[in-house]
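Working notes, beginning with the structure itself.
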Amino acid sequence: MEAVRIVAKSGAAYKVAELNSPNSIQLYSANSVYPYFDNRAFTELMFDYKHFVTPYLPCYGKKHNLDSDKVTVEGYNAFGARHFNDAQDAQRTLQAEQPKLIELESQLKSKLGGGAPNTFLEYLSNPAIVAEVVAQRAEYLKCAVGVEDEKPDVRLSLFLNDIKKAQGEAERYAPEEYLYLVSAGDSSEALLRAVSPRAREEWAKQWLKDPASRAEFDAEWDKLAAIARKKLPSYKPSAASFQFRYSAGERLLMSSFKNPSALKIFRIGTDTAGWDIQKDNDDVLPSYRYKTMRVYFRDPNDDHPYCRVVSARIKQDYAGGGTFNAEVYRSSVSEEIYGCP
Numbered sequence: 007m008e009a010v011r012i013v014a015k016s017g018a019a020y021k022v023a024e025l026n027s028p029n030s031i032q033l034y035s036a037n038s039v040y041p042y043f044d045n046r047a048f049t050e051l052m053f054d055y056k057h058f059v060t061p062y063l064p065c066y067g068k069k070h071n072l073d074s075d076k077v078t079v080e081g082y083n084a085f086g087a088r089h090f091n092d093a094q095d096a097q098r099t100l101q102a103e104q105p106k107l108i109e110l111e112s113q114l115k116s117k118l119g120g121g122a123p124n125t126f127l128e129y130l131s132n133p134a135i136v137a138e139v140v141a142q143r144a145e146y147l148k149c150a151v152g153v154e155d156e157k158p159d160v161r162l163s164l165f166l167n168d169i170k171k172a173q174g175e176a177e178r179y180a181p182e183e184y185l186y187l188v189s190a191g192d193s194s195e196a197l198l199r200a201v202s203p204r205a206r207e208e209w210a211k212q213w214l215k216d217p218a219s220r221a222e223f224d225a226e227w228d229k230l231a232a233i234a235r236k237k238l239p240s241y242k243p244s245a246a247s248f249q250f251r252y253s254a255g256e257r258l259l260m261s262s263f264k265n266p267s268a269l270k271i272f273r274i275g276t277d278t279a280g281w282d283i284q285k286d287n288d289d290v291l292p293s294y295r296y297k298t299m300r301v302y303f304r305d306p307n308d309d310h311p312y313c314r315v316v317s318a319r320i321k322q323d324y325a326g327g328g329t330f331n332a333e334v335y336r337s338s339v340s341e342e343i344y345g346c347p
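Okay, so the sequence shown: first residue is 7 according to the working numbering, each after it adds one.
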């Protein structure tokens, strides 16, 4: 940026001479000539306040119909850009930062010599962008929260990969070759959303804000549901998983259901006659002993045609001296979709 003296003007062109070299005459377009402002002071201000301005840059670009590189050469999603969990997080965070914008507005007025010209450069070199954001901060806050609400979550690609992973696992399944249809955790949850409209809607309401993302996920869920229709009828739990009964554990397992009397139970039990021992980190002393109780059932309230197995770990804590507490309790509970008998 150079200080120059305007020698003559013709239309949108300015004939200027450099102050340090008066004989050096050049022509500039109108957009490159603007009122003086203290560029060094502005640069120093933006070093301190840049963090509080960046969330509003997409809104500035949208309002003025500017491509992102005209607003910030860094890009809206550059390294170090601001990200929020959701619109509520954006509202809470940006509202708390409003005093910083008020502070920046005051600093701009006091340190830029009274001017905030449009240099037609990106925001770190353009006081007009920053001045508008801070002056119209309430409007820009509303816009930024709205942008966040419409923005696809950065984790959606990971969730989409979970569905595709479940598709691959389910497609390869054969009863004589694999113990499970899909792996536990994310793949199992993807399968539930594929076959249960209710589970799908509940999840989509939280994560899928725009129609394009919803359509993309629906297409992949539908593919997984089609595979499940072929594979689930042959996917049944092993009878060995229920061969032993333990009444106290069964009561604790069934207490995890809201309405156990409505279930059609096919099998219930555990795969061990005794207890498994969980030892401490040094693998020396027992920490607790446990059984995994399972129930295979059909719930008439499910909105899919399949059955489920719910498993619960039943535990007794170690009391010392080779004994365990009398209290038996339930800890973790998990479930998996199966074909019905």
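For each residue, glycine too, the CB sits at the ideal point set by N, CA and C.
As the structure is a computational prediction, the values presented were derived from the model and not from experiment.
Cβ-Cβ distances below 7 Å link residue 199 to 205, 206, 209, 227 in the same chain, with the five nearest sequence neighbours on each side left out; the list follows chain order.
Membership of residue 112 in the alpha helix (DSSP H) is indicated by the continuous run 104–117.
For residue 171, there is no enclosing beta strand (DSSP E); the enclosing alpha helix (DSSP H) covers residues 162–178. For the set 116, 274, 291, 194, the Cα lying nearest the Cα of residue 340 is the one of 194.
Beta-carbon to beta-carbon, residue 96 and residue 150 are separated by about 6 Å, close enough to satisfy the 8 Å threshold.
Shown here, residue 97 sits in a helix according to DSSP, grouped into three states. In this structure, 234 is the residue among 263, 224, 234, 58 with its C-alpha nearest to the C-alpha of residue 187. For residue 292, there is no enclosing alpha helix (DSSP H); the residue is part of the beta strand (DSSP E) that begins and ends at 292–304. Residue 128 is a Cβ neighbour of residue 76, given a cutoff of 8 Å. Between residue 347 and residue 272 the beta-carbon gap is near 6 Å, inside 8 Å, which marks them as a contact.
Shortest Cα-Cα distance from residue 59 to any of 130, 90, 91 involves 130. Residue 270 sits away from residue 248, with the two beta carbons spaced by 8 Å or more.
Within its own chain, the residues whose Cβ lies closer than 6 Å to the Cβ of residue 282, once the five positions on either side in sequence are excluded, are 296, listed in chain order.
In terms of CA proximity to residue 211, 159 leads the group 310, 159, 240, 331.
The DSSP assignment places no complete run of the beta strand (DSSP E) inside the region 179–244 (cut-off: 3 residues).
In the three-state DSSP reduction, residue 325 falls in the strand class (E or B). The three-state secondary structure of residue 276, taken from DSSP, is strand. The alpha-carbon separation between residue 326 and residue 267 amounts to approximately 39 Å. Straight-line measurement puts the Cα of residue 123 at about 19 Å from the Cα of residue 79. Look at the beta carbons and you see the region 98–117 not touching the region 172–180: under three pairs across the two are nearer than 8 Å. For residue 313, the secondary structure class from DSSP, reduced to helix, strand or coil, is strand. Taking every protein chain shown into account, the CB of residue 105 has fewer than 16 other CB atoms within 10 angstroms, so this residue is exposed. The residue from 142, 311, 316 with its alpha-carbon nearest to that of residue 260 is 316. Listed in chain order, the non-local C-beta contacts of residue 240 below 7 Å within the same chain comprise 181, 345, local neighbours out to five positions each way being set aside.
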